[in-house]
Amino acid sequence: PPLIDQAFNGTGRDAIGGISSTGAAALDIAAHAPWRYAAAASYSGCPIRSGAFGGLVSSSMMVAGGGSAFNAWGLPGSPSWADHDPGANPGRLRDVKVFVSSASGTPGAIDGTNDPSMWLGPRAVELVANECTNQYTNIARGAGVDVNRQFYPEGAHSFGLFFQEM
């Protein structure tokens, strides 16, 4: 951020956002530096990382990408998992404007394709992202976080959807 501030005459206050698996990371980064980030967003992400549901989703995403959640945060249940879980530490984002979005998983025009494969993987991934986003929204709002929640009635996990969300 300091290099960006210097090159673009920044103010020292930024916004950060991420799509899919980087959505939770964006909220996590803002949660660890709320004085730096005025806003944070997760587009079709899973801002729940620890616990049974969040741990399974996080581990699955990292394995699918060739990584390991154990290398990132240690064994499940270790303090690092909760430390990097926006859902486990919602109060850290109390002074940050938070935007989260997801869709129903039902493929449609928003996805920009009629490819039948959208009904398989992309649909399933968006269903999980939607459940994570719903859980996070309820937890964060309960902790006093200003969460702007956007739900799309159609959309599978696709760049067409991400474009609309952003």
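Going left to right, the sequence shown walks through residues 4 to 169 as the numbering used here numbers them.
For glycine and all other residues, C-beta sits at the position ideal for the given N, C-alpha and C.
Coil, strand or helix - residue i by DSSP
i: Ile51; result: coil
i: Asp17; result: strand
i: Ala146; result: coil
Pairwise C-alpha distance: residue j and residue i
i: Val131; j: Arg152; result: 16 angstroms
i: Asn133; j: Ile7; result: 32 angstroms
i: Asn117; j: Asn92; result: 39 angstroms
i: Thr136; j: Ile51; result: 8 angstroms
i: Gly70; j: Cys49; result: 17 angstroms
i: Pro110; j: Arg16; result: 37 angstroms
Identified DSSP bridge partners for residue i
i: Asn151; result: Phe102
i: Ser45; result: Gly21 and Val103
Cβ-Cβ separation, residue j to residue i (assumed contact under 8 angstroms), whole Å
i: Ser120; j: Ser47; result: Not really, about 17 angstroms apart at Cβ, beyond 8 angstroms.
i: Ala10; j: Ala41; result: That pair is no contact at about 19 angstroms.
i: Ala43; j: Ala28; result: Not a contact, Cβ separation roughly 10 angstroms.
i: Val173; j: Leu96; result: With the chain running from 4 to 169 in the structure shown, residue 173 is simply not present.
Residues near residue i by beta carbon distance below 7 angstroms, same chain, minus five either side
i: Val150; result: Val101, Val103, Thr140, Ala143 and Arg144
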